[in-house]
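Undergrad: Let me give you the structure first, and then I'll get to my questions.
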Amino acid sequence: RLRERLATARYADAVLVVDGSDDRRAWVAERLGLSRCFDVRRHVGAAAVALPHPGPAELGPGARVLAVAGIARPEQFFDDVRDAGFDVVRTLVFHDHHRYSSRDAARMQAEARTARAQAILTTEKDGVRLQAWLPFEPPLATVPLTLHVEPADEFQAFLADRLAAERSSAA
27 RLRERLATAR
37 YADAVLVVDG
47 SDDRRAWVAE
57 RLGLSRCFDV
67 RRHVGAAAVA
77 LPHPGPAELG
87 PGARVLAVAG
97 IARPEQFFDD
107 VRDAGFDVVR
117 TLVFHDHHRY
127 SSRDAARMQA
137 EARTARAQAI
147 LTTEKDGVRL
157 QAWLPFEPPL
167 ATVPLTLHVE
177 PADEFQAFLA
187 DRLAAERSSA
197 A
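In the working numbering, the protein residues as written are 27 to 197.
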């Protein structure tokens with residue numbers, strides 16, 4: 027499970043550390059008494075403009091954007107978007123699992139126009155919740171956020187071994 031309390035680590039076979047250095051992973055593994063510690067890296071994919079929109083279907087790095095997030099850690103999303111090369115000219119934060127309204131959509135568009143943003147950039151999750159108010163002007167664009175566990179081959183082998191052990195003990 028993700029986002030568990032530290033007290034549950036005694037039941038874990040491994041721990042995943044998001045964006046940790048080698049020293050950080052070693053410290054976490056030692057502190058929790060685990061021999062397996064994997065690194066998780068976040069990656070922002072290509073931004074796709076929500077349709078219908080008459081312009082280009084993709085939005086590239088360097089684009090001026092209003093970044094919008096209704097997720098648990100919005101600042102991390104904003105940092106990731108900046109790291110991906112977008113020019114975040116303004117941000118708007120909503121509560122995690124926010125139910126967007128037409129008023130929210132209008133506010134986003136007004137803020138983006140005021141900031142002279144080329145697009146309103148958000149997560150795929152929030153993009154789905156905003157579809158009812160399309161099209162936006164400036165356009166709404168979404169970016170996929172993916173996680174990569176490293177080293178991938180060791181993690182896959184670890185999972186395969188754990189699954190095989192569980193299957194044999196259940197038989």
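All C-beta atoms, glycine included, are put in the ideal place defined by N, C-alpha and C.
Spatial neighbours of Val175 within its chain, please: C-beta separation below 6 angstroms, excluding the five flanking residues on both sides.
TA: Numbered from its first residue, the sequence shown carries residue 175 at position 149. Same-chain partners within the cutoff: Phe64, Val66 and Phe181.
Undergrad: I'd like the ranges of any alpha helix (DSSP H) spanning at least 4 consecutive residues and lying wholly in the region 40-71.
TA: Listed in chain order, the complete alpha helix (DSSP H) runs (minimum 4 residues) inside the region 40-71 are 48-58.
Undergrad: According to the Cβ coordinates, are Arg62 and Asp39 closer than 8 angstroms?
TA: Here residue 62 refers to the residue found at position 36 when the sequence shown is read from its first residue. Here residue 39 refers to the residue found at position 13 when the sequence shown is read from its first residue. A contact, by the Cβ cut-off of 8 angstroms.
Undergrad: Leaving out five residues on either side along the sequence, give the residues of the same chain with a beta carbon under 6 angstroms from the beta carbon of Ala167.
TA: Counting from one through the sequence shown, the residue named residue 167 turns up at place 141. Result list for Ala167: Ala73, Val75, Leu85, Ala145 and Leu147, in chain order.
Undergrad: Quick one: Cα of Gly81 to Cα of Arg99, how far?
TA: Residue numbering aside, residue 81 sits at position 55 when the sequence shown is read from its first letter. Residue numbering aside, residue 99 sits at position 73 when the sequence shown is read from its first letter. Distance between the alpha carbons of Gly81 and Arg99 is about 31 angstroms.
Undergrad: Per DSSP, Glu84 forms a beta bridge with which residues?
TA: Position 58 of the sequence shown, counted from the first residue, corresponds to residue 84. Bridge partners of Glu84: Ala74.
Undergrad: Which residue wins for smallest C-alpha separation from Pro161, given the options Ala131, Lys151, Ser127 and Ser47?
TA: Residue 161 sits at position 135 when you count from the first residue of the sequence shown. It is Ala131 whose Cα lies nearest to the Cα of Pro161.
Undergrad: According to DSSP, is Glu176 helix, strand or coil?
TA: Numbered from 1 along the sequence shown, position 150 holds the residue referred to as residue 176. Three-state result, Glu176: strand.
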